[in-house]
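>
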Amino acid sequence: MAFGPVPSRRLGRSLGVNNLPEKVCTYSCVYCQAGRTRVLTTGRRRFYDPER
């Protein structure tokens, strides 16, 4: 998922890229550009097969 442009202190504006499934996060920040967290998780798990 790509989102943006988002403000960047170093670059001015940048494009955000998240390669995890849609909005899986350990936080639920109200200011997140990717939207509200739908799956709040604190455990480790595989999102993709590392051998592929």
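Going by my numbering, the sequence shown opens with residue 52, and the numbers climb by one from there. Think of the CB as a built atom: it goes at the ideal place given N, C-alpha and C, for glycine as much as any other residue. Predicted, not measured: the structure shown is a model, and the values here were computed from it.
#1: According to DSSP, what are the bridge partners of S59?
#2: Indicate whether R95 and V75 have their beta-carbon atoms separated by less than 9 Å.
#3: Can you give me the C-alpha to C-alpha distance between P78 and N70, rounded to a whole angstrom?
Answer, in terms of the structure:
#1: G63
#2: no
#3: A small fix is needed here, since residue 78 is Tyr in this sequence, not Pro. When rounded, the distance between both Cα atoms is 16 Å.
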